[in-house]
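Each remark here refers to the structure printed beneath this line.
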Amino acid sequence: MNYRSLASFAILAFSVTLLASPLRAQKPFHIFKGQCVNIIVGNRAESPVWQAAQMLAGDLERVLSAKVSITAGAKGEEAADSPCIEIVTRSESGSRNEAFRLSQTPSGSLLVEGSDALGTAYGTLEISRRLGVSPWEWWTEAEVLPLQEFSLSLSVPIEEVPFVEHRGIFINDEDWGLAPWATRQEQHADTVPGPWRYTIGPEVTERICQLLLRLRADTYWPAMHADTRPFFFTAGNREVVKKYGIFIGTSHCEPLAANTNGEWPVRGQGEYNFASNSEGVKAFWQQRLDEVAGQPIIYTLGIRGQHDDPMLGATTVEEQKVLLERVFEAQQMMLAAAFYGRKDEAPQIFIPYKEVLDVVDAGLKIPDKVPVIQCDDNYGFIRWPQDSMLSRPAGTGLYYHVSYWGRPHDYLWLSSTHPRLMQEELVRFALSGRQFLWVLNVGDIKPAEYQIQLFMNLAWNPLAFTRTEAWKAHLRSFLGENLPLSLSSDAADSLMETLSSFYDIVFRSRPEFLAGTRVEEPDPRWTIATDLPWSERQLKSYRDSLLALSDRVERTAPSTAWMHLVQYPIQGAAQMAVKQVGATLARHGLADWAESDCAYDSIQSLTTRYNTGRWQGFMDASPRNLTVFQRAERTTSATPLPVDEQTLLSVSWGDSLCLLR
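In this note's numbering, the protein residues as written are 53 to 713.
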């Protein structure tokens, strides 16, 4: 059975397991502005359902000025004259996890049915989506269009089921955005004990969980840098995530839910080396397993270094293979004990990343019932795995980046991954085998809002993106959801084309790559800004194309959503192009240095405008203070710029940042 057929079969299986109301001619479900609305949550509903019901109530109040009551149990007579939304979970054997169905009862109520707690929550928030409430309603302060009435036709029930079993985000490289900002939000943040500078505490964690529910995601990999207090060391975090029914997961270098980077210096004993200190390492893992009994977790297997480094105790590929197989055996035994001998009931994954890929190629024996999560090349191109990895009965999955710290160069400032690239890579991967888990490295969440929503929608239903230009319609819809007060229909079409052009331009070179530098190279020459390998005409074309887009999106008093989703990324990229192109031309006597200096000042001013209201201090226009973000140094160049007739080396996008000298 192919995966297109599988998706259809899953929906059918879900439909027949729920108690569907018979099809009949019925009036659409209707709510008028200012009406009283009754939300009735079925008995024994789990916490995620209640959270979603409360979120829906708030959305109804904002959009329709409705007066909403939430009660438990069955519909009462007193609710007969008011619009009623009934929310129930029907856990039936054979139904797919996290599926939902919207229909009407014979009495005209809107009925939300879920196959489990998360499916019910997603179905409840589907109503919010159809009200026009963006998943980003808090994170971008997305504009809300008030309605005089809301109508939903359910003569044909709405049924949905996720294609990818688990879908989530990874907060990473958080040192310049989310972590320092979150630390200022939490009341206890200034007195955090321990060696950490930052805390992402339960208040911000709750906002993240609400976003995940609205995006129909179910997995959260918390931040794990050494400057951020570890997730499990922060009181209240795990309880909040459990309240929303979200699975906690960890990255490729955090086995068994243990943040090795942040936690080993505090509670580890000896060296983090399984070859020489296996008992100490196992005790470190066991402590976490004991602590999180009953918490929904997807456990990462394997071992790497204390952070994003190769494992200790093994140097050759063969030594690493032998050691990893010992680690697998120990971890499987520990999980079996934690789950009373049923280790296969503990969701598990293995993520071969960087040097571990060579170990897999050397014939590493991976436990049969563990999905192997594939990775992209850090720049959006998926590393295609061995066929044996795709055909594993346990399934496969994907760890994908729209933010990255590392060689040959970071992109931590703006989110510039092309949506068309994401669509092409993810749809092709989705159809390659059973998909267990997709996780997106989102950096600080902002400013990757659009790429996050695209990723989650692709994970939910990649079959909706099989047309070549499907991403454009999706982008158009995203803009309509978040900027309804700023855009007419024609204006939304125009803005979609503007952003489409923006991604086309920055696909040629991300703004962070425009200084011709590299990171983490031993040779200091790679920290010195140099000319791009482009002719004068090509340089000016890149700059001028972005400036033309910048003029289109200028607003003197933009809404927060407009500034964060449109104006800052386009104008920030444009001013970076002016700065670096201007510097290149000035080094050759073809421009005045003042143009580059002025663009540097403009980026700082734009960033100040971004960091207003609740977002004070969130956006940093100089992550890691790399050369490309600094005011351009006034130097001269004796090497002529290339001429247009010269054939330049064509390289893949993932390598194009390695500007050859």
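Using N, Cα and C, we set each Cβ at its ideal position, and we do this for glycine too.
Can you grab the Cα-Cα spacing for the pair residue i / residue j, in whole Å?
i	j	result
PRO214	ASN534	24 angstroms
GLU9	GLY432	The requested residue 9 does not occur in the structure, where the chain is confined to residues 53 to 713.
HIS526	MET386	44 angstroms
SER468	HIS461	14 angstroms
LEU177	TRP512	15 angstroms
LEU506	ASP596	28 angstroms
LEU204	VAL164	13 angstroms
SER648	GLU573	26 angstroms
PRO232	SER303	21 angstroms
ILE210	SER155	7 angstroms
VAL293	CYS261	7 angstroms
VAL558	GLU343	45 angstroms
GLU323	LEU566	41 angstroms
ARG676	ASP653	18 angstroms
MET508	TRP436	21 angstroms
ALA327	ALA366	8 angstroms
GLU255	LEU230	13 angstroms
LEU376	ASP439	21 angstroms
GLY46	SER540	With the chain running from 53 to 713 in the structure shown, residue 46 is simply not present.
THR172	SER455	32 angstroms
PHE336	VAL571	33 angstroms
ARG459	MET276	19 angstroms
Measure the Cβ-Cβ separation of residue i and residue j and say whether it is below 7 angstroms.
i	j	result
CYS305	ARG356	yes
THR579	THR688	no
ALA390	LEU341	yes
VAL424	VAL369	no
LEU409	PRO563	no
TRP190	ARG259	yes
VAL714	TRP490	Residue 714 falls outside the range modelled here, since the chain spans only 53 to 713, and no answer is possible.
TRP614	ARG604	no
PRO100	ALA169	yes
PHE152	GLY125	no
ILE504	PHE554	no
LEU492	THR192	no
TYR662	ALA629	no
ALA684	ALA635	yes
GLN400	TYR351	yes
SER180	ASP111	yes
Who are residue i's beta bridge partners in DSSP?
i	result
TRP490	ARG219, LEU450
THR141	GLY166
GLU211	ARG153
ILE91	ILE122, ILE137
THR352	ILE401
SER203	HIS82
VAL424	PHE402, THR448
THR271	GLY220, PHE299
TYR250	THR280
Can you name, in chain order, every residue of its own chain whose Cβ lies under 7 angstroms from the Cβ of residue i, other than the five neighbours on each side?
i	result
GLN200	LYS85
SER774	Here the chain has residues from 53 to 713 only, and residue 774 is not among them.
ASP360	CYS305
ARG182	LEU204
PRO312	Inspection of the sequence shows that residue 312 is occupied by Thr rather than by Pro. Cβ neighbours of THR312 beyond the five flanking positions: CYS305, GLU306, TYR324, GLN358.
TRP457	ASP225, LEU464
GLY669	PRO232, TRP233, ARG236, ASN663
ARG114	VAL196
Near residue i, what residues of its chain come up, given a Cβ to Cβ distance below 8 angstroms and the 5 sequence neighbours on each side ignored?
i	result
ALA544	ARG528, LEU531, GLY532, LEU535
ARG394	ALA388
GLN106	ILE122
ASP696	SER587, ARG589, GLN590
GLY706	Here GLY706 scores only 40 on pLDDT, less than 50, and its place in the model should not be relied on; the value that follows carries that caveat. Counting only Cβ-Cβ distances below 8 angstroms, and skipping sequence neighbours, we find ASP429, ASN430, TYR431, GLY432, PHE433.
ALA131	Unreliable placement is indicated for ALA131, whose pLDDT of 49 sits below 50; no coordinate value is reported for it.
LEU206	GLN78, PRO80, PHE81, LEU154, SER155, GLN156, LEU162
ARG639	ASP583, THR687, THR688, SER689
For residue i, which residues in the same chain have their Cβ closer than 6 angstroms to its Cβ, ignoring the five residues on either side in sequence?
i	result
GLU129	Reliability fails at GLU129, whose pLDDT of 47 lies under 50, so the model's placement of it is uncertain and no value is given.
LEU547	LEU531
HIS470	TYR555, PHE559
GLN103	TYR296
Counting only runs that start and end within the stretch 426-467, where is the alpha helix (DSSP H) found for 4 or more residues in a row? 439-442
Scan the stretch 274-301 and note each continuous alpha helix (DSSP H) run of 4 residues or more that stays entirely inside, going in chain order. 289-295
Length at least 4, wholly inside the stretch 464-544: the alpha helix (DSSP H) runs in chain order: 471-482, 501-512, 522-534
Mind pulling the alpha helix (DSSP H) runs of 4 or more residues that sit fully within the stretch 614-663? 620-639, 645-662
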